[in-house]
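Peer 1: Have a look at this one before I ask anything.
2 protein chains.
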Amino acid sequence: MDINGTGERFADGFGPAAHTGAPRVGHEVLAVVFQVREGRLCVLVWRRGRPPCEGLWALPGGSLGMLEGLGESIRRQLAQKVDVRDLSHLEQLETRGDPDRDPFARTLATAYLGLVPAGIDPVVPPDTEWCFASELLPMAFDHTAMVDSARRRLRAKLSYTNIGFALAPPEFTMSQLSRYYRAALGHDVAATNLRRVLLRRGQIEETGRSVPSGRSGGRPAALFRFRARTLEITDAFAVLRPPAD
Amino acid sequence: MDINGTGERFADGFGPAAHTGAPRVGHEVLAVVFQVREGRLCVLVWRRGRPPCEGLWALPGGSLGMLEGLGESIRRQLAQKVDVRDLSHLEQLETRGDPDRDPFARTLATAYLGLVPAGIDPVVPPDTEWCFASELLPMAFDHTAMVDSARRRLRAKLSYTNIGFALAPPEFTMSQLSRYYRAALGHDVAATNLRRVLLRRGQIEETGRSVPSGRSGGRPAALFRFRARTLEITDAFAVLRPPAD
DNA sequence: TCAAAAGTGTTTCCTATACACCCATGA
DNA sequence: TCATGGGTGTATAGGAAACACTTTTGA
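Protein sequence lines, in the order shown, are assigned to chains A and B. Mind the numbering: the first sequence is residues 1 to 245 in the UniProt record's numbering, read in order. Mind the numbering: the second sequence is residues 1 to 245 in the UniProt record's numbering, read in order.
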């Protein structure tokens, strides 16, 4: 049990590693940034210009600074490096630390899920692009796994939280909203049912205004907005919920 | 956008930090290990014997080794330090990296959720204890937040995965199982409905055997087992599910 | 024969989906 | 007035919770 023979079972880890001269590893923070563009879910990626993994797509991000927190770091790097400042949502996904995830050096990476609302168009650098999530080419390091995690997370949260607020612009019609949902979920979403589900759950409300119909006619569409623009769990317990009384 | 003036927007982070002399921080791996004991949800904690946070409870774990992965590391440390080798489930929870989470040095910590099935009793060291999760005293660093995350994660997954397999022994009666669920969820769970939900979802099956009734009589209880002992999502889409056809 | 514990049948409720139908508009 | 897209009404289905009732045992 005391394999170090120090007489102190926690000597190598408690408190912080620094107290005991434990090895230190590089730490980077990355983001899977999604936006619905042209009716499809897109990921923000950039093309690596140097080894390792030269020429492959990679997630934006970089080294954690000594004085910043993880979330703070990824916000800074997205703003500075790819000029993305309009994140409607940001949450931590996972940390990967396989010893050989980077062939050159031991590095840990914490991945975040970031969302940009539809309709805005951040000016990104020339080596950076919005890639259709469904047509993503092989990526550098373990970045493909991170994108997969992010897609699963987004998909799951669309069904039990109000996370749609982060995909949609401030105001939208139900048919627009259903297209954002379809892009993120990967299957058709009927606007008529989406409306009832989100209204029942109190996620959205009518603004009172409406959008004139286009040149092909049709009834004007009512404008809606999300009631909250921070993440809320709106459908907590599908099952095994606490007793009614 | 290029605040470093290097002409390379990703210079400080791509590839790994090591390439560019980026700062390195200590990294530790911790675990929130739950087990149902005496019908209540318990957390494995140890009492710190030295500063910082001397005398407070802390989560088991320690520094990440240079050659090991994160999950590998926490498994090793739980086995070596607190002699816990019978984890029925282990999953990553979150990574915390507030610059001042540890007053002595910059340290990141990745927390895991670990589960030990009811009925076994690992021999833990004298400074280590199973603490009722509902009566947890203030903990060192940000460990209280980690325990809270773990409880929320377990609670949520009980409702849409088969994670009960990790709380229960290999075979159990329905009333036993309902007690494990009650301990983890914090409210009553009727054995009769739990049975139907888990059978319908194909999570559990009858072994064919039963347990003789006690001295106070009663009908013998059938023994069940989980059909899988790895995590499966059994109730994916409560809503917005793909069209039927 | 009674108490205790397990298990079944049945009712009720809630929510989501599907789909037919009605409404408002432009050409 | 017709095509078009938005919105409502209604039927259906499924799952879960609640609870009364039945079964199987020990004393």
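In this text, a Cβ means the ideal position worked out from N, Cα and C, and glycines have one as well.
Can you tell me whether A:M1 is helix, strand or coil according to DSSP?
Peer 2: Here the question's residue 1 of chain A lines up with position 1 in the first sequence. Residue placement at A:M1 is poorly supported in this model, since its pLDDT is 36, which falls under 50; the coordinates still yield a value, given next. Here A:M1 sits in coil by DSSP.
Peer 1: Here's the rule: buried if 16 or more other CB atoms are within 10 angstroms of the residue's CB, otherwise exposed. What is B:I204?
Peer 2: Position 204 of the second sequence, counted from the first residue, corresponds to residue 204 of chain B. Its Cβ being crowded by 16 or more others within 10 Å, B:I204 is buried.
Peer 1: Classify B:A236: buried if its beta carbon has 16 or more other beta carbons within 10 angstroms, exposed otherwise.
Peer 2: Taking the first residue of the second sequence as 1, we reach residue 236 of chain B at position 236. By the 10 Å Cβ count, B:A236 comes out exposed.
Peer 1: Which residues, taken in chain order from the segment 94-114 of chain A, show a beta carbon closer than 7 Å to some beta carbon of chain B?
Peer 2: Going along the segment 94-114 of chain A in chain order, one finds E94, T95, G97, D98, P99, D102, F104, A105, R106, T107, L108, T110 with a Cβ nearer than 7 Å to chain B.
Peer 1: Does the segment 35-43 of chain B come close enough to the segment 89-99 of chain B to have 3 or more Cβ pairs within less than 8 Å?
Peer 2: In short, these stretches do not touch, since the Cβ pair count stays below three.
Peer 1: What are the partner residues of B:T161, as DSSP defines its beta bridges?
Peer 2: Locating residue 161 of chain B in the second sequence gives position 161, where the first residue counts as 1. BP columns for B:T161 point to B:I233.
Peer 1: If you draw a straight line from the C-alpha of B:F224 to the C-alpha of B:E206, how long is it?
Peer 2: To locate residue 224 of chain B, count along the second sequence from 1; it is residue 224. To locate residue 206 of chain B, count along the second sequence from 1; it is residue 206. In a straight line, the C-alpha of B:F224 is about 4 Å away from that of B:E206.
Peer 1: Return no unless some Cβ of chain B is closer than 8 Å to the Cβ of A:E171.
Peer 2: Reading the first sequence from its first residue, position 171 is the one you call residue 171 of chain A. No, A:E171 does not count as interfacial toward chain B.
Peer 1: For B:V45, which residues in chain A fall below 9 Å Cβ to Cβ?
Peer 2: Position 45 of the second sequence, counted from the first residue, corresponds to residue 45 of chain B. Ordered by position in chain A, no residue passes the 9 Å Cβ test against B:V45, which lies about 12 Å from the chain.
Peer 1: Output needed for B:L30: all residues of its chain with C-beta closer than 6 Å, excluding positions within five of it in sequence on either side, in chain order.
Peer 2: In the second sequence, residue 30 of chain B corresponds to position 30, counting from 1. The residues are L59, G61, A109, A111.
Peer 1: Chain B partners of A:V32, CB-CB under 7 Å?
Peer 2: By one-based count along the first sequence, residue 32 of chain A stands at place 32. Per Cβ cutoff of 7 Å: no residues; A:V32 is ~16 Å from chain B at best.
Peer 1: What would DSSP say about B:G21, mapped onto helix, strand or coil?
Peer 2: What you label residue 21 of chain B is simply residue 21 of the second sequence in a count that begins at 1. Because the pLDDT at B:G21 is just 45, under 50, the model does not fix this residue reliably, and the value given afterwards should be weighed accordingly. DSSP places B:G21 in coil when its eight states are reduced to three.
Peer 1: Given 7 Å as the limit, tell me if A:W46 has its C-beta closer than that to any heavy atom belonging to the ligand GTP.
Peer 2: This structure simply doesn't include the ligand GTP, nor any ligand for that matter.
Peer 1: With burial defined as no fewer than 16 other Cβ atoms inside 10 Å of the residue's Cβ, what is the status of B:S210: buried or exposed?
Peer 2: Against the second sequence, residue 210 of chain B aligns to sequence position 210. Looking at its Cβ environment, which holds fewer than 16 other Cβ atoms inside 10 Å, B:S210 is exposed.
Peer 1: Using the DSSP secondary-structure output, state which residues sit across from A:H27 in a beta bridge.
Peer 2: Position 27 of the first sequence, counted from the first residue, corresponds to residue 27 of chain A. A:L108, per the DSSP bridge assignment.
Peer 1: Can the beta-carbon of A:L185 be found less than 8 Å from the beta-carbon of B:T95?
Peer 2: The sequence position of residue 185 of chain A within the first sequence is 185, counting from 1. The sequence position of residue 95 of chain B within the second sequence is 95, counting from 1. No, the Cβ-Cβ distance between A:L185 and B:T95 is not below 8 Å.
Peer 1: Pull up the distance between the alpha-carbon of B:V147 and that of B:V45, whole angstroms please.
Peer 2: Residue 147 of chain B sits at position 147 when you count from the first residue of the second sequence. Residue 45 of chain B sits at position 45 when you count from the first residue of the second sequence. Each residue's Cα considered, the two are about 10 Å apart.
Peer 1: Put B:V33 into one of helix, strand or coil per three-state DSSP.
Peer 2: The residue you call residue 33 of chain B lines up with position 33 of the second sequence. Of the three classes helix, strand and coil, the one that applies to B:V33 here is strand, per DSSP.
Peer 1: Would you report the Cα separation of A:A140 and B:R227, rounded to the nearest angstrom?
Peer 2: Position 140 of the first sequence holds residue 140 of chain A. Position 227 of the second sequence holds residue 227 of chain B. Approximately 38 Å, taken between the alpha carbons.
Peer 1: With respect to the alpha helix (DSSP H) encompassing B:V211, which residues constitute its N-terminal and C-terminal limits?
Peer 2: Sequence index remark: in the second sequence, residue 211 of chain B carries index 211 (1-based). Counting along the chain, B:V211 falls outside any alpha helix (DSSP H), though it belongs to the beta strand (DSSP E) covering 204-211.
Peer 1: Does A:M66 get closer than 8 Å to chain B when you measure Cβ to Cβ?
Peer 2: Mapped onto the first sequence, residue 66 of chain A falls at position 66. So yes, A:M66 belongs to the interface.
Peer 1: For A:L115, I'd like the list of residues in its chain whose CB is within less than 8 Å of its CB, leaving aside the five on either flank, ordered along the chain.
Peer 2: As a working mapping, residue 115 of chain A is identified with position 115 in the first sequence. Same-chain partners within the cutoff: V33, F34, Q35, L87, S88, H89, L90, L154, I163, A166, L167.
Peer 1: Alpha carbon to alpha carbon, how far is B:T192 from B:R219? Give it in angstroms, no decimals.
Peer 2: For the purposes of this step, residue 219 of chain B is taken as residue 219 along the second sequence, with counting starting at 1. For the purposes of this step, residue 192 of chain B is taken as residue 192 along the second sequence, with counting starting at 1. Taking the straight line joining both Cα atoms gives about 14 Å.
Peer 1: Residues bridged to A:L113 by DSSP?
Peer 2: Within the first sequence, residue 113 of chain A is the residue found at index 113, counting from 1. Looking at the DSSP assignment, A:L113 forms a beta bridge with A:V32, A:E91.
Peer 1: Ignore the nearest five residues each way along the sequence and tell me which others in A:E232's own chain have a CB closer than 6 Å to its CB.
Peer 2: Numbered from 1 along the first sequence, position 232 holds the residue referred to as residue 232 of chain A. Within the same chain, A:E232 has close Cβ partners N162.
Peer 1: In chain A, what lies closer than 7 Å to residue 284 of chain B by C-beta?
Peer 2: One cannot answer for residue 284 of chain B here, as it falls past the ends of chain B, which runs 1 to 245.
Peer 1: Using a Cβ-Cβ distance cut-off of 8 Å, determine whether A:V36 contacts chain B.
Peer 2: What you label residue 36 of chain A is simply residue 36 of the first sequence in a count that begins at 1. No, A:V36 lies away from the interface with chain B (no Cβ there is under 8 Å from its Cβ).
Peer 1: So which residues of chain B does A:G202 contact, with C-beta pairs closer than 9 Å?
Peer 2: Along the first sequence, one-based indexing puts residue 202 of chain A at 202. Result: empty, since nearest Cβ-Cβ is about 14 Å, beyond 9 Å.
Peer 1: Which residues does DSSP pair with B:L44 in a beta bridge?
Peer 2: Start at 1 with the first residue of the second sequence, and residue 44 of chain B comes out as number 44. Answer is B:W130.
Peer 1: With C-beta atoms as the reference, is B:L113 less than 8 Å away from B:W57?
Peer 2: In the second sequence, counting from the first residue as 1, residue 113 of chain B sits at position 113. In the second sequence, counting from the first residue as 1, residue 57 of chain B sits at position 57. Not a contact, by the Cβ cut-off of 8 Å.
Peer 1: Tell me, to the nearest whole angstrom, how far the beta carbon of A:A150 is from that of A:L93; I am working on the premise that it is less than 8 Å.
Peer 2: Residue 150 of chain A sits at position 150 when you count from the first residue of the first sequence. Residue 93 of chain A sits at position 93 when you count from the first residue of the first sequence. Rounded, the Cβ-Cβ distance is 6 Å, consistent with contact.
Peer 1: Here's a check: name, in chain order, each residue in its chain whose Cβ is nearer than 6 Å to the Cβ of A:A222, leaving out the five neighbours to either side.
Peer 2: One-based indexing of the first sequence puts residue 222 of chain A at position 222. Excluding positions up to five away in sequence, the list reads E206, S210.
Peer 1: Would a check of beta-carbon distances place A:V84 closer than 8 Å to chain B?
Peer 2: Against the first sequence, residue 84 of chain A aligns to sequence position 84. For A:V84, the answer is no, since every Cβ of chain B falls outside 8 Å of its Cβ.
Peer 1: With DSSP as the reference, label A:A79 as helix, strand or coil.
Peer 2: As a working mapping, residue 79 of chain A is identified with position 79 in the first sequence. Note: A:A79 maps to helix in three-state DSSP.
Peer 1: Compute the beta-carbon to beta-carbon distance between B:D127 and B:R47, rounded to the nearest angstrom, for a pair I have assumed lies under 8 Å.
Peer 2: Residue mapping note: residue 127 of chain B aligns to position 127 of the second sequence, counting from 1. Residue mapping note: residue 47 of chain B aligns to position 47 of the second sequence, counting from 1. Yes, B:D127 and B:R47 are in contact; Cβ-Cβ is about 5 Å, under 8 Å.
Peer 1: Report the residue from A:F104, A:G49, A:P117, A:P99 whose alpha carbon sits nearest the alpha carbon of residue 250 of chain A.
Peer 2: Missing from the structure shown is residue 250 of chain A; chain A here goes from 1 to 245 and no further.
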